[in-house]
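The opening residue of the sequence shown carries number 1 in the UniProt record's numbering; numbering runs sequentially from there.
Let me begin by presenting the structure, written as structure tokens, before commenting on it.
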Amino acid sequence: MFAILAERALGPRLYGVFPQGRLEQYIPSRRLRTEDLRDPDVSGEIAVKMSRFHGMVMPFNKEPKWLFGTMEKYLKQISELSFTEKAQLEKFNLLKGYNLEEEMRSLRDLLESTPSPVVFCHNDVQEGEWIPVPAGSVLGHMEGSCCLWGGLCGRWGFLYPLGPFRVTSPKPVPSCPLLGRGWHRGVLVGRGLMAVPPPRFALASHFFWGLWSILQAKISTIQFGYLDYAQSRFQAYFQHKAQCS
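Following this line, the structure appears as structure tokens:
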């Protein structure tokens with residue numbers, strides 16, 4: 001996969017592959033920041049790059065099973081969770097009050113009714129995955145675990161500066177017209193491969209990372225406000241759902 005991306009100038013040059021890893025081109029730069037993603041020019045460049053990914057013919061299984069298969073597994077694990085600390089238990093019970101099983105069925109129905117092709121894409125498009133390059137464009141640093149067939153948005157309003165290492169800032173999330181300015185460039189370049197406005201698929205992003213964060217609150221040793229972050233993602237989910245209806 002990395003050789004194909006390098007060959008098509010969609011990733012760093014690949015110099016060698018070894019049993020323990022690979023050697024890739026080093027590009028002196030910085031990672032993008034959350035505020036960079038709110039710039040229509042920057043998001044437009046990312047959309048153009050993503051449209052090229054979406055148009056690639058790759059030698060992988062194209063059955064879109066991973067997203068809901070993973071979320072079903074997460075939900076099963078969440079149903080078996082328990083917390084002993086009072087503050088965590090209260091937050092967990094609040095999250096369970098969202099009736100997540102029924103909500104996921106509703107989400108599946110919505111996305112399955114959406115006319116969207118199955119394409120090669122990145123499942124974690126956030127600021128840390130992109131770096132500006134001298135030409136003025138942006139280059140995505142692709143993690144192997146994040147290249148999937150699926151169908152993006154939702155990182156615009158989440159920051160991670162200080163403990164509990166998350167700040168939710170929904171106001172900077174752009175409106176649909178502003179999103180369209182940048183993303184429609186990608187649609188045009190991609191010959192219509194992203195014909196569906198991103199906010200509908202932002203629902204999947206919020207729901208997925210909300211479930212993931214609930215699990216991490218139990219199993220992770222990292223000091224992070226996982227249940228607070230899950231609450232933020234599900235609040236954003238319901239806000240977006242109201243806009244998409």
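We treat Cβ as the ideally placed atom computed from N, Cα and C, and that holds for glycine.
Because the structure is a prediction, the values reported are computed rather than measured.
- Task: Using DSSP bridges, identify the partner residues of Val-125.
- Result: According to DSSP, which records beta bridges pairwise, Val-125 is partnered with nothing at all.
- Message: Against chain D, does Gln-223 count as a neighbour if the rule is that its beta carbon must be under 8 Å from one of theirs?
- Response: Checking the listed chains, one finds no chain D in this structure; it contains a single protein chain.
- Paired residues, beta bridge with Arg-22 - DSSP: Per DSSP, Val-17.
- Query: Buried or exposed: Glu-85, going by 16 or more other Cβ atoms within 10 Å of its Cβ?
  - Reply: exposed
- Task: Report back the beta-carbon spacing between Lys-91 and Gln-239 to the nearest angstrom; my notes put them in contact at under 8 Å.
- Result: 19 Å between Cβ atoms; not a contact.
- Message: Does Ser-113 come out as helix, strand or coil in the three-state DSSP assignment?
- Response: coil
- From Met-58 to Ala-202, what distance separates their C-alpha atoms? 24 Å
- Query: Thinking C-alpha only, which one of Gly-11, Phe-2, Leu-10, Leu-32 is nearest Phe-18?
  - Reply: Phe-2
- Could you tell me the distance, in whole angstroms, from the CA atom of Leu-227 to the CA atom of Tyr-98? CA-to-CA, the gap between Leu-227 and Tyr-98 works out to about 14 Å.
- Query: What's the gap between the Cα of Glu-129 and the Cα of Leu-32?
  - Reply: 8 Å
- Is DSSP giving Val-42 helix, strand or coil here? helix
- Query: Looking at Ser-51 and Ile-131, is the spacing between their C-beta atoms short of 8 Å?
  - Reply: No, they are not a contact pair.
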